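Here the structure comes first, spelled out in structure tokens, and everything after it is commentary.
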Amino acid sequence: MNVVDLVIVQPLSLSLYNNSPPIAPHRPFQFSHASSVALTSPLFSLPKHHKKLSISIMTACVDTSQLSQDPNGPPNGEHSYKYVNNFRPNFRDRVSSTPFNKNQVNSVHTQTNFEVDEERVHEEDRDDDIWIELQDEARSDIEQEPILSSYYFGSVLSHKSLESALASHLSMKLSSLSLQSGTLFDIFMGVMVENQDIIEAVKADLRAVKERDPACTGYLQCFLNFKGFLACQAQRIAHKLWSQGREAMALVIQNRASEVFAVDIHPGAIIGNGIMLDHATGVVIGETAVIGDNVSILHQVTLGGTGKLTGDRHPKIGNGVLIGAGTCILGNIKIGDGAKIGACSVVLKEVPPRTTAVGNPAKLIGGKENPIKLDKIPSFTMDHTSHIHEWSDYVI
């Protein structure tokens with residue numbers, strides 16, 4: 001009997017597709033990892049009469065228990081752990097690649113201290129809500145603008161996680177003829193999977209922009225369209241590469257972000273969470289600059305050096321600082337927590353916490369000996385003008 005006649009084709013379990021997103025019109029299929037391996041294997045270069053035999057050999061090597069398993073469910077035993085661990089570097093299937101722990105156990109109820117950190121739990125819930133809300137906003141926009149369905153599907157709805165969507169969106173934005181988007185996607189996804197603190201910072205930045213910018217209508221518009229947000233995330237990835245000694249790649253990302261977003265942030269700079277770069281055009285941040293948490297920076301701001309000095313030569317910005325448009329802060333000086341810098345100021349000396357500095361050269365409101373103290377965090381209030389009344393008799 002001919003071996004080919006013994007081939008039995010069994011349909012794949014439909015549970016594989018229970019949670020799959022709908023296929024967008026006019027968009028080619030994006031095959032999973034297993035499919036892409038098959039398409040590139042020698043099988044498809046064989047003569048036609050050998051293909052069925054090869055398929056029967058291949059199906060004998062596949063663990064069919066994995067085919068019927070819910071892909072969104074937890075890993076099943078040692079085989080699942082090894083499978084994910086071995087194939088995780090290939091991110092083209094755009095499936096969430098959160099590392100699994102083969103020895104993981106449910107430890108929620110095994111704490112010796114019965115005091116639950118409610119704030120941490122609430123923060124985790126908010127983080128989960130951001131990705132869900134972002135997808136809901138995309139669906140809502142599609143109802144109003146059906147012409148955007150393909151764009152929103154490719155940018156958001158076809159992805160399983162926020163990191164996958166961000167890696168894809170940034171790779172498309174920063175790619176060029178000689179720097180392919182697929183290559184950038186693999187690099188970006190790899191960095192974010194191995195450094196989950198980046199995703200926490202991304203979510204904090206999304207919240208910051210939505211809460212502080214009255215022009216922000218939702219997470220989706222910030223995620224897709226606000227170049228200050230995108231430039232900041234590109235720098236976070238570049239900074240991780242820079243810290244790992246991959247300076248050439250980090251500088252390439254900096255260069256592309258500068259060309260595309262008109263924002264030039266050195267990959268060596270350290271940036272905290274909850275950052276808003278409002279408008280962001282012309283922002284320049286030097287190599288040894290440090291920016292704390294919950295800082296708001298407007299366009300045309302420079303955090304630079306004073307000349308040709310080497311070493312630690314750039315400003316250190318504290319938490320909750322507001323820096324107005326067109327400001328230059330030069331040299332290795334500290335801007336204290338909760339300080340406010342008025343627009344177009346030139347700051348050359350340290351600014352104490354919770355004070356306001358304005359002018360060229362910048363001076364403290366209330367004087368150096370007894371500066372007026374702010375009672376609110378300026379980066380949250382985004383109040384740029386209240387200091388004018390205490391500083392000047394300016395009238396029109």
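FYI, full-length UniProt numbering numbers position 2 of the sequence shown as 2, with every residue one higher than the one before it.
Positions of the beta carbon are idealized from the N, C-alpha and C atoms, including for glycine.
All values derive from a computational prediction rather than experimental measurement.
- Check the Cα spacing between Glu259 and each of Leu277, Thr281 and Lys240: the tightest is with Thr281.
- In this structure Val156 does not touch Ala167 by the C-beta definition: roughly 12 Å separates them, more than the 8 Å allowed.
- Ranked by Cα distance from Asn195, the options Pro214, Gln244 and Leu174 are led by Gln244.
- Look at the beta carbons and you see the stretch 213-220 not touching the stretch 263-272: under three pairs across the two are nearer than 8 Å.
- Across the set Lys203, Phe188 and Phe380, the C-alpha of Phe188 shows the shortest separation from the C-alpha of Lys240.
- With respect to the C-alpha of Leu374, the residue from Ala362, Asn360 and Val351 having the closest C-alpha is Val351.
- Gly286 is the residue among Gly286, Ile297, Phe223 and His299 whose C-alpha sits nearest the C-alpha of Gly331.
- Under the DSSP assignment, Thr356 falls in the beta strand (DSSP E) whose first and last residues are Thr356 to Gly359.
- Considering only Arg256, Val301 and Gly305, the residue with the shortest C-alpha distance to Thr327 is Val301.
- Distance from Gly336 to Ser379 at the Cβ level is roughly 13 Å; contact not present, criterion being Cβ atoms closer than 8 Å.
- In the displayed model, Val283 falls within coil according to three-state DSSP, outside both helix and strand.
- The Cβ neighbour count for Gly268, taken over all protein chains shown within 10 Å, is at least 16; the residue is labelled buried.
- Annotation for Ile329: the continuous beta strand (DSSP E) segment containing it runs Cys328 to Leu330.
- Here DSSP, grouped into helix, strand and coil, assigns Ser296 to strand.
- Shown here, Ile265 sits in a strand according to DSSP, grouped into three states.
- Between Glu145 and Lys203, the alpha-carbon positions lie close to 26 Å from each other.
- Distance from the CA atom of Asn255 to the CA atom of Gly311, rounded to whole angstroms, is 22 Å.
- Under the 10 Å beta carbon count, Asn370 is surrounded by fewer than 16 other beta carbons and is classified as exposed.
- Asp213 counts as buried, since no fewer than 16 other beta carbons sit within 10 angstroms of its beta carbon.
- According to the DSSP assignment, Gly304 belongs to the beta strand (DSSP E) that extends over Thr302 to Gly304.
- Scanning its chain for C-beta atoms nearer than 6 Å, with the 5 sequence neighbours on each side dropped, one finds around Lys340 the residues Leu322, Thr356 and Pro378, in chain order.
- In the three-state DSSP reduction, Lys210 falls in the helix class (H, G or I).
- Boundaries of the beta strand (DSSP E) around Lys363: Ala362 to Leu364.
- For Gly190, the enclosing alpha helix (DSSP H) begins and ends at Ser181 to Glu194.
- Counting the other Cβ atoms within 10 Å of the Cβ of Glu211 gives fewer than 16, which makes it exposed.
- Under DSSP, Leu322 takes part in a beta bridge, and its partners are Ser296 and Lys340.
- Met382: not part of any alpha helix (DSSP H); DSSP gives it neither H nor E.
- DSSP lists Ile271 and Ile317 as the bridge partner or partners of Ile291.
- The Cβ atoms of Ile297 and Leu277 lie closer than 7 Å to each other.
- When the Cα atoms are used, Asp383 and Thr183 turn out to be separated by approximately 42 Å.
- Nearest in C-alpha terms to Gly307, of all of Leu348, His279 and Ile147, is Leu348.
- Rounded to whole angstroms, Asn225 and Leu170 show a C-alpha spacing of 11 Å.
- Within the same chain, Ile291 come within 6 Å of Ile271 by CB-CB distance, once the 5 residues on both sides are set aside.
- Distances from the CA of His299 to each of Lys227, Phe153 and Gln233 were compared; the closest alpha carbon is that of Lys227.
- Counted as a single uninterrupted DSSP element, the alpha helix (DSSP H) harbouring Ala238 occupies residues Lys227 to Ser243.
- Annotation for Ser155: no alpha helix (DSSP H) segment contains it, and DSSP assigns it neither H nor E.
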